[in-house]
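Heads up: the sequence shown begins at 0 in the numbering used here, then just goes up one per residue. Each remark here refers to the structure printed beneath this line.
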Amino acid sequence: MVDRIVLAAGLLLLIVFAGLVLVNLKDEPRTMFPTTTTTVPTTSTTATTSTTQTSTTLPKPDSTTTTSTTTSTTLRYVEVRWSDLSKCRSTSLGSMNTLLAWVGDELEGSWGEKPEPRAYVTCDSPELIPVDIVTLRGGRSIEPVNDVNGTYRFMVKCGRNQLAEDLNDCRELKAYFDRNTITGEGSDYTVVATSSSTTTTLKRNPYLDKFRGKGYRKVDMHIYWLCPSCVPAVNNLVIGEPGVKSRSLAYKQNVSYVIYDPTVVDLERVLELSGAGGDVEVYQDLEI
């Protein structure tokens, strides 16, 4: 009996002690598991906007240089007038045709110290037949340093073995003097050329920008119009051609143009249509 009372008292004391311990734990600060606070730093970023200005430089105005060359050709073989053609007849030099040739303004100058005239005739073809003997009218020899202008007698061998049996049988007979026998030059002809250049400045047309970079071509030209009333018809004719993208053809316009697709229509056709109203002078034909 006494043992049971002692055991009960011991249990009671143990319960009281456990309660005190729990109370103390509840009142103490919770420092056993410290809390770590991680602060995310706030970075203030100032956004800097860099503006780059692009400077667009328009191409310089198109410039067209037109060079015209005037060429005058001085022919070596100068045609002269002739008359009094004789029949093919025997002479002391063999069978001959003779004729008289006049040299006037066709040739200028004087014979040299030792005149060696050369002349030719043609008979129904461009083939030159050499004149065998050239003398002054009446058979006199050509005097040194005399003026070339005058009347000459041409004697040409004829007969069965010659290029022409009788010059009288020629339907078209022409007589020529060789200029080089007078000037002493050895070339077939002398060419004298003079050149002149004209520069035309074409202002840039913003309207044309939409045609650039597509492989199209732009031909600049001047049209010498036959009449003002021709202009609308030619414009309609040109713009109606497949491959023509744009055109500007005006009566008093110094520089007209046509923009075309070279894979569809060629330059020759464009100029043919543009020239329906007058002569065309082409300045340039370039890829636009």
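Where is the CB? At the ideal position from N, CA and C, for every residue including glycine.
The beta carbon of ALA275 sits closer than 7 Å to those of VAL233 and LEU236, all from its chain and outside the five residues before and after it, given in chain order.
Going by beta carbons, GLY103 and VAL147 fall outside the 7 Å limit.
At a Cβ-Cβ threshold of 7 Å, THR97 and ARG152 count as neighbours. Looking from the CA of TRP101, the closest CA among GLY239, VAL257, THR134 and SER124 belongs to THR134. In the three-state scheme derived from DSSP, where H, G and I count as helix and E and B as strand, SER273 is classed as helix. In this model, ARG268 and ILE258 are separated by some 13 Å (Cα to Cα). A direct Cα-to-Cα measurement between MET220 and PRO205 gives close to 19 Å. Here VAL279 is near LEU270, since their CB atoms are less than 7 Å apart. Listed in chain order, the non-local C-beta contacts of GLY214 below 8 Å within the same chain comprise ASP260, PRO261, THR262 and GLU286, local neighbours out to five positions each way being set aside.
CYS226 is classed as exposed because its beta carbon has fewer than 16 other beta carbons within 10 Å across all chains shown. Note on ALA249: under 16 other CB atoms within 10 angstroms of its CB, so exposed under the neighbour-count rule. Rounded to the nearest angstrom, the Cβ distance from TYR223 to GLY277 is 5 Å, consistent with a contact under 8 Å.
Here PRO129 has TYR119 as same chain residues with Cβ atoms under 7 Å from its own Cβ, once five neighbours each way along the sequence are excluded. The C-alpha of LYS209 lies about 18 Å from the C-alpha of PRO241. Here CYS122 really is in contact with LEU172; their C-beta atoms are around 6 Å apart, less than 8 Å.
Within its own chain, the residues whose Cβ lies closer than 7 Å to the Cβ of ARG170, once the five positions on either side in sequence are excluded, are ASP123, listed in chain order. Secondary structure of CYS226 (DSSP, three-state): coil.
Within the DSSP secondary-structure output, CYS122 pairs in a beta bridge with LEU172.
Secondary-structure assignment with DSSP links ILE128 through a beta bridge to VAL120. For the pair GLU78 and TYR175, the CB atoms are nearer than the 7 Å cut-off. CA-to-CA, the gap between VAL155 and GLU126 works out to about 14 Å. Between ARG246 and TYR282, the alpha-carbon positions lie close to 15 Å from each other.
Residue pairing by DSSP puts TYR151 in a beta bridge opposite ALA100 and LEU135. Excluding the 5 residues flanking it on each side, ILE181 has same chain C-beta neighbours closer than 6 Å at GLY108 and VAL147, in chain order.
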